[in-house]
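Q: After the structure tokens below, expect a handful of questions from me.
Number of protein chains: 2
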Amino acid sequence: MQMDFRKMANCLKIAILAPITWRVPPRAYGPWERVVYNLTEGLVKMGHKVTLFASGDSETSAKLESIVKKPLGETSWPNPRAWEHLHIANVFEKANNFDIIHNHLNYLPLIYSNLTKTPVLTTLHGSAAFKETHLIFLKYKNSAFVSVSNFERSYLPELNYLSTVYNGVDFKAFPFSKKLENYLVYTGRLVKEKGILEAIRLSFKTKIPLYLAGIIQPSVEGRKFFEKEIKPHIDGKNIKFLGNLSQKKVAQVISKALAYVFLIKESKKGEACPLSIIEALACGTPVIATRNGPLPEMIQSKVNGFLVNSLKEAVDKLRQVKKLDRRKIRFLARQKFSQEKMANGYLNCYQRVIKDKGSKYD
Amino acid sequence: MQMDFRKMANCLKIAILAPITWRVPPRAYGPWERVVYNLTEGLVKMGHKVTLFASGDSETSAKLESIVKKPLGETSWPNPRAWEHLHIANVFEKANNFDIIHNHLNYLPLIYSNLTKTPVLTTLHGSAAFKETHLIFLKYKNSAFVSVSNFERSYLPELNYLSTVYNGVDFKAFPFSKKLENYLVYTGRLVKEKGILEAIRLSFKTKIPLYLAGIIQPSVEGRKFFEKEIKPHIDGKNIKFLGNLSQKKVAQVISKALAYVFLIKESKKGEACPLSIIEALACGTPVIATRNGPLPEMIQSKVNGFLVNSLKEAVDKLRQVKKLDRRKIRFLARQKFSQEKMANGYLNCYQRVIKDKGSKYD
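Structure representation (structure tokens):
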């Protein structure tokens, strides 16, 4: 086997296949697109030749390739799934230009993966939590996968996992704030399973206001949950709804919060490595989180927050939250969840996959 | 350009990509799958090396390739569309084994068509009648298309049409019956746009019983239409519902009917070359049909039936139907709508596409 030293040591030609539900970076909600943005910028900084396949209004330091001008989340086309396939076909038609295709678009691109010699690496982003994906993932179980937490592998242990690469953020976008204000915060999808109602109860019991920010699920069920179960509590004082905020505004809100609250009830709903928690930690904000899913990999009690088993415990631990060293929280987060750490983790995987695929074909 | 004389003159290696909604041939309803079956058998008889990509329970003289054991119409998997894509990927992964891929599965396979050098020919089967397909078809408008009637091209004139190839049937399966009985017949999908209610009215006005056979659309709307608008008329005597019949039983019913009735109201609902009409004509049964869509290409008034503009005219023409020469109807149908005629028509297209694609790559 002849080694391509450009590939192994220096500059890789990398195709990043992003979702097209939201722009890269997302204007507001859109964690997969946000991770894709952070990774792409990280790889470009390292000197790689990166092509980002994303919606046409995306902003990137990489070369941009698009077949849709606007992301599907902002359009009302019939057949959105068909457009996803056109987007996927676009990268596979150009596969020979790349050393690696990095798939961030769930299982669909796997279906195309045997139609090219270019290796494909798939980041799951929690998608294997949904049983309807399993038959498809299992057909391609020998492809190359990355989990974004060790916990994520429990959703579908049969896949060929190369590594766990935690999501990473750009720390410049999440400043440290010396001034704190008296409120708790949750940002993300405003759905029941994220423990929003528990967070509201925690706020009532501790008399510390709660600020909510994020996206109301556009499904009938999602809207109903917001209208019937959350909205009645919003009084603009004790419980505030700030809307679906940009990253900049999210950073401002979480950096001044007493604590970030993530009281999910059960772990089987796609939680894999919540970006909002990383963003909170990046600001130095402690996290009060339920002890399940990937949370024990992210939170160390008494260091960067508290893992709790009940609302009662959350109330109790919240009293100790001011004692935590917020600078240390930020420092530790930077070691584990930085853009650079993530980009290096993926680069390591790219090199392994390229080497493996090379040996199959040479 | 070097010509491959095996390809141009003799035996072609043909991949037929069938839908997987129903088995090939369908157990009952399933016109696309029925046409695929008729074509595949025709091509095998001509000596070509045919591989049929279809559900695993299909019956064929060709080689069968399947990724699903049961057709999607008989299963309740989540993600049926994903399984269609696995089925499509299966043929494209093996594309190098074929001189041509003949797509009978709507627009999705076009998305894969640039990932192989093997030429792809697409039969529309009326799919371009639905506007939500247009953006996708237009992206691949320079691919090679066959319309199943000249009328069909009006749905989307911009595509690269090579030819019109009418659907064909195996005449052995549709015997001529000397004994007639006093009833009208309609077979096919029992949906409003097929003019079922008009057929019922025609039956009432002429006092000739009407036999209905076919599939009740499984959608909420489709069931509602059947329950509320058709079922109340079914008395087992004047209006009979025979169920979703096998081809053999359909042939028995239509061959003895006074006339086949097809009173569609408007043409923009995907009518392209109704197989049920061809089956009626094959039996020698005259057709009373609305003068629109592809019907004027199929029916010649006073020869093999009557084209009508109103219910009144249908009543009037029905009186003359017994005067038509049923042997002649069958004879004419065999010239235009036979399995052999269809297979030859497609073979001609295959050779043209192979020649064109060859010149692009050589």
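If you read the protein sequences in the order shown, they are chains L and H.
Going by my numbering, the residue at position 335 of the first sequence is 335; the numbering climbs one at a time, nothing skipped.
Just remember that my numbering sits 1000 ahead of the position in the second sequence, which is counted from 1.
Cβ atoms here follow ideal geometry from the backbone N, Cα and C, with glycine treated the same way.
(1) Would GLY47(L) pass as a contact of ASN96(L) if the rule is Cβ separation under 9 Å?
(2) For the putative contact between LEU1110(H) and VAL1146(H), defined by C-beta atoms under 8 Å, what is the C-beta separation to the nearest angstrom?
(3) Quick one: does ALA15(L) have its CB under 9 Å from some CB of chain H?
(4) Using a 10 Å radius around the Cβ and a threshold of 16 neighbouring Cβ atoms, would you call TRP32(L) buried or exposed?
(5) With a floor of 4 residues, list each alpha helix (DSSP H) that falls wholly inside the region 1098 to 1176 of chain H, ordered by position along the chain.
(6) Tell whether a beta-carbon distance below 9 Å holds between CYS283(L) and ARG319(L).
(7) Quick one, are the C-beta atoms of PHE1176(H) and SER1076(H) less than 9 Å apart?
(8) Near GLY345(L), which residues of its chain fall below 7 Å by C-beta distance, leaving aside the five closest residues on each side in sequence?
(9) Give me the DSSP bridge partner(s) of THR1040(H).
(10) Starting from GLY1222(H), follow the alpha helix (DSSP H) in both directions and report where the run begins and ends.
(11) Within 9 Å of any Cβ in chain H, is that where the Cβ of TRP32(L) sits?
(12) Residues of chain H with a CB under 8 Å from the CB of LEU115(L): which are they?
(13) Compute the Euclidean distance between the alpha carbons of GLU1084(H) and ILE1101(H), then round it to the nearest angstrom.
(14) Comparing alpha-carbon positions, which option in GLU132(L), ARG153(L), SER113(L) and TYR155(L) lies nearest SER143(L)?
(15) Only counting the same chain, and skipping five residues up and downstream in sequence, which positions put a Cβ closer than 8 Å to that of LYS265(L)?
(16) For GLU132(L), which residues in chain H fall below 8 Å Cβ to Cβ?
(17) Where in the region 1247 to 1275 of chain H do unbroken runs of the beta strand (DSSP E), each at least 3 residues long, occur, reported from the N-terminal end onward?
(18) Is the beta carbon of ILE67(L) sitting closer than 9 Å to the one on LEU86(L)?
(19) Taking CB distances under 9 Å as the criterion, tell me whether ALA314(L) reaches chain H.
(20) Determine the extent of the beta strand (DSSP E) in which LYS1049(H) is found, giving its start and end residues.
(21) Taking the alpha-carbon of THR1118(H) as reference, which of LEU1012(H), ALA1257(H), ALA1343(H) and LYS1139(H) has the nearest alpha-carbon?
(22) Quick check on DSSP: helix, strand or coil for LYS237(L)?
(23) Which residue marks the beginning of the alpha helix (DSSP H) containing THR206(L), and which one marks its end?
(24) Short of 7 Å in beta carbon distance, which residues of its chain neighbour GLY1126(H), apart from the five on each side in sequence? Order them along the chain.
(25) Could you please give me the residues that DSSP links to SER1338(H) through a beta bridge?
(26) Strictly by DSSP, which residues pair up with LYS1312(H)?
(27) Counting only beta-carbon separations shorter than 9 Å, does LYS1139(H) have a partner in chain L?
(28) So what does TYR346(L) bridge to, in DSSP terms?
(29) Among residues of its own chain, excluding the 5 on either side of THR1133(H), which ones have a beta-carbon nearer than 6 Å to its beta-carbon?
(30) By the criterion of Cβ-Cβ separation under 8 Å, what are the contact partners of ILE1299(H) in chain L?
(31) Taking the C-alpha atoms as reference points, what is the distance between GLU227(L) and GLU74(L)?
(32) On the CB-based measure, 16 or more other CB atoms within 10 Å of its CB, does GLU1041(H) come out buried or exposed?
(33) Counting only Cβ pairs nearer than 9 Å, list the residues of chain L close to ILE1136(H).
(34) Given 8 Å as the limit, is there contact between the region 1173 to 1192 of chain H and the region 1211 to 1220 of chain H, that is, 3 or more CB pairs closer than that?
(35) Applying the criterion that 16 or more other CB atoms from any shown protein chain within 10 Å of the CB defines a buried residue, is PRO218(L) buried or exposed?
(36) Using the Cβ count rule (16 or more neighbours within 10 Å means buried), how would you classify PRO1157(H)?
A: A quick look at the data gives this:
(1) Taking 9 Å as the cut-off, the Cβ atoms of GLY47(L) and ASN96(L) do not count as close.
(2) Going by Cβ atoms, the distance from LEU1110(H) to VAL1146(H) rounds to 13 Å, so no, they are not a contact pair.
(3) Chain H contact via Cβ: absent.
(4) Result: buried.
(5) 1134 to 1139, all fully within the region 1098 to 1176 of chain H.
(6) Cβ atoms of CYS283(L) and ARG319(L): not closer than 9 Å.
(7) Their beta carbons are not under 9 Å apart, which means PHE1176(H) does not touch SER1076(H) by this criterion.
(8) Counting only Cβ-Cβ distances below 7 Å, and skipping sequence neighbours, we find SER163 and VAL165.
(9) THR1040(H) pairs with nothing; no bridge assigned.
(10) Note, GLY1222(H): alpha helix (DSSP H), 1220 to 1225.
(11) TRP32(L) does not count as touching chain H.
(12) Correct list: ALA1089, PHE1092, GLU1093, TYR1112, LEU1115 and THR1116.
(13) Taking the Cα positions, GLU1084(H) is about 16 Å away from ILE1101(H).
(14) SER143(L) has its Cα closest to that of SER113(L), out of GLU132(L), ARG153(L), SER113(L) and TYR155(L).
(15) Within the same chain, LYS265(L) has close Cβ partners GLU193, GLY195, GLU198 and THR290.
(16) Going along chain H in sequence order, the residues near GLU132(L) (Cβ under 8 Å) are PRO1078 and ASN1079.
(17) For the region 1247 to 1275 of chain H, whole beta strand (DSSP E) runs of length 3 or above, ordered along the chain, are 1259 to 1262.
(18) Annotated as proximal: ILE67(L) and LEU86(L), with beta-carbon spacing under 9 Å.
(19) It does not: the Cβ of ALA314(L) has no partner Cβ on chain H nearer than 9 Å.
(20) Looking at the DSSP string, the run of the beta strand (DSSP E) that includes LYS1049(H) is 1049 to 1053.
(21) The candidate whose alpha carbon is nearest that of THR1118(H) is LEU1012(H).
(22) The DSSP-derived three-state label of LYS237(L) is coil.
(23) 196 to 206 is the extent of the alpha helix (DSSP H) around THR206(L).
(24) Result list for GLY1126(H): GLU1152, GLY1270, GLU1271 and ALA1272, in chain order.
(25) Partner(s): VAL1169(H).
(26) The partner list for LYS1312(H) (beta bridge, DSSP) is empty, contrary to what the question assumes.
(27) For LYS1139(H), the closest Cβ of chain L is nearer than 9 Å.
(28) Partner(s): none; TYR346(L) has no beta bridge.
(29) Close CB contacts of THR1133(H) within its chain, under the 6 Å cut and outside five residues either way in sequence, are with TYR1107 and SER1127 (chain order).
(30) Here the premise fails: no neighbours, minimum Cβ distance about 33 Å.
(31) Cα to Cα, GLU227(L) sits roughly 22 Å from GLU74(L).
(32) With 16 or more other Cβ atoms inside 10 Å of its own Cβ, GLU1041(H) counts as buried.
(33) Correct list: ASN79, ALA82, TRP83, HIS85 and LEU86.
(34) With a cut-off of 8 Å, the region 1211 to 1220 of chain H and the region 1173 to 1192 of chain H count as touching, because enough Cβ pairs lie within range.
(35) Counting Cβ neighbours within 10 Å, PRO218(L) comes out exposed, since fewer than 16 surround it.
(36) When all chains shown are included, PRO1157(H) counts as exposed.
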